[in-house]
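Some notes on the structure that comes next.
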Amino acid sequence: MGILGGGQLGRFFTIAAQNMGYSVVVFDPDNQSPAGKIANKHICRPYDDLEALDELKETCNVVTTEFENIPAETLRYLEKDIIVRPESKAVSIVQNRIKEKSFLKKSGIPVGRYAVIDNFEAIKFFNDEVDIFPAILKTAQFGYDGKGQIHVDNALELENAFVSFNNTPCILEEKLDLDLEFSIVIARSVNGNYLEYPLVENQHESGILDLSIIPARVTSIQKKEATKFAKKIARDLNYIGVMAVEYFISNNQLYVNEIAPRPHNSGHFSIDACVYNQFDQQVLTLAGNEPKNEETKFPISVMLNLLGDIWFRNGEEQLEPKFEMIEGPKISLHLYGKSEPRIGRKMGHITILGSENQSIEDVIRKTESIRKTIWEN
Ligand code: ADP
Ligand code: MG
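Under my numbering, the first residue of the sequence shown carries the number -12, and numbering increases by one thereafter.
This is how it looks when you write it as structure tokens:
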């Protein structure tokens, strides 16, 4: 099996595939790539290197991706000769916010109010009377973890933001008053069968996922709607593999925020809480098998992301966190093998599993005390 992209998602995929007996080729231009380090083979070349892609074709029967910013052109080139899941067509829609939003609208999925700004002329339409501010300008492509986004309160700020993005195509989204954010990870097989994980409630800090709470504290109607939308999205994209959908609830209204054509950070609880995790499903569906019924061994869990910030908790100084301080029952630490901690860089995560007599709030409190221990040591 081949995977394009060798970050932590690729690394968990590699582990899952190898556990099932597959050999894995990781294709990633970074020679320090976390997945490349454990792969059976690491092709360390740029994504548009045709000779290297030919080598991938010769070594693999099937190829998948770990993130949406792989050029769709690369997938198209591979899919001429080998199986690529998800297909370039689906990825090319999801990796571009303009295409993604118009796809969602066409599928009848509720999205927040937005405008396409793909040239400087389009800016002229926006004066302070236009009812979209406060808003967020997002580049159509290549954003992640809140990058490629600028909050704008008026027409002048919008113009400056667009110029600072070098007039690259963008969407302008109305800034919603968020009651809650949540996501769902689903898998869809080549035969069109679905598997869905429980909804995950997500809390972000500066545009980066901080905490995930399982199950999300939403109403049963919201859960039903969200699950229905996710399946419709997968079907309409002709999607094979694992996919995540992010949602907003604002003024009790449900909106789809965005789609991720891959396993998702918010699905990491499944590694410890379920018999088959989201990466197992990625391997299974990639091989053309049916996803395996997830059995949630631990119905309540909380995941805390560990960012590079922790390494700099004493100002500029780089300190190795004393993670051994937080070891204990039902606490599971995962580090991604990244050699260089940076502010805002995802270095690992911790999953805290709930016991039978604990409420969600109990597990959140336990998580916050673990966070405090890490920062204070
Ligand atoms: P990324 O690709 O970085 O995940 P998102 O579009 O999901 O980009 O934005 C990251 C986070 O920023 C969201 O999870 C949410 O917390 C906040 N955000 C994004 N768009 C909006 C919006 N229109 N209104 C309110 N908050 C938003
Ligand atoms: Mg997002």
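From the three backbone atoms N, C-alpha and C, an ideal C-beta is built for every residue, glycine too.
{"Item": "Residue 191 beta carbon near ligand 1 (any heavy atom closer than 7 Å)", "Value": "yes"}
{"Item": "7 Å Cβ shell around residue 19 - same chain, five flanking residues per side excluded", "Value": "326"}
{"Item": "Beta-carbon spacing of residue 269, residue 90 below 8 Å", "Value": "no"}
{"Item": "Classification of residue 61 by the beta-carbon crowding that lies within 10 angstroms, buried from 16 upward", "Value": "buried"}
{"Item": "Best match in 26, 15, 25 for proximity to residue 36 [C-alpha to C-alpha]", "Value": "15"}
{"Item": "Separation of residue 303 from residue 217, as counted between CA atoms", "Value": "43 Å"}
{"Item": "N-terminal and C-terminal residue of the beta strand (DSSP E) that residue 189 is part of", "Value": "187 to 192"}
{"Item": "Uninterrupted beta strand (DSSP E) stretches inside the region 328 to 354 (no shorter than 3 residues)", "Value": "333 to 340"}
{"Item": "Beta-carbon gap between residue 93 and residue 68 smaller than 8 Å", "Value": "no"}
{"Item": "Any non-hydrogen atom of ligand 1 within 7 Å of residue 244 CB", "Value": "yes"}
{"Item": "Nearest to residue 191 (by Cα), restricted to the options 171, 213, 206, 167", "Value": "167"}
{"Item": "Separation of residue 342 from residue 225, as counted between CA atoms", "Value": "39 Å"}
{"Item": "Unbroken beta strand (DSSP E) run spanning residue 61, endpoints", "Value": "Per DSSP, residue 61 belongs to no beta strand (DSSP E); it is in the alpha helix (DSSP H), 59 to 66."}
{"Item": "Nearest residue (CA-CA) to residue 300, options 358, 287, 263", "Value": "358"}
{"Item": "Short Cβ contact (8 Å threshold) for residue 196 with residue 83", "Value": "no"}
{"Item": "Buried/exposed call for residue 211, threshold 16 Cβ in 10 Å", "Value": "exposed"}
{"Item": "Beta-carbon gap between residue 123 and residue 160 smaller than 8 Å", "Value": "yes"}
{"Item": "Cβ distance (whole Å) where residue 232 is taken to contact residue 170 below 8 Å", "Value": "6 Å"}
{"Item": "Assigned secondary structure, residue 94 (DSSP; H/G/I helix, E/B strand, else coil)", "Value": "coil"}
{"Item": "Spatially closest choice to residue 215 from 198, 227, 234, by CA coordinates", "Value": "234"}
{"Item": "Complete runs of the beta strand (DSSP E) confined to the region -10 to 22 [at least 3 residues]", "Value": "12 to 14"}
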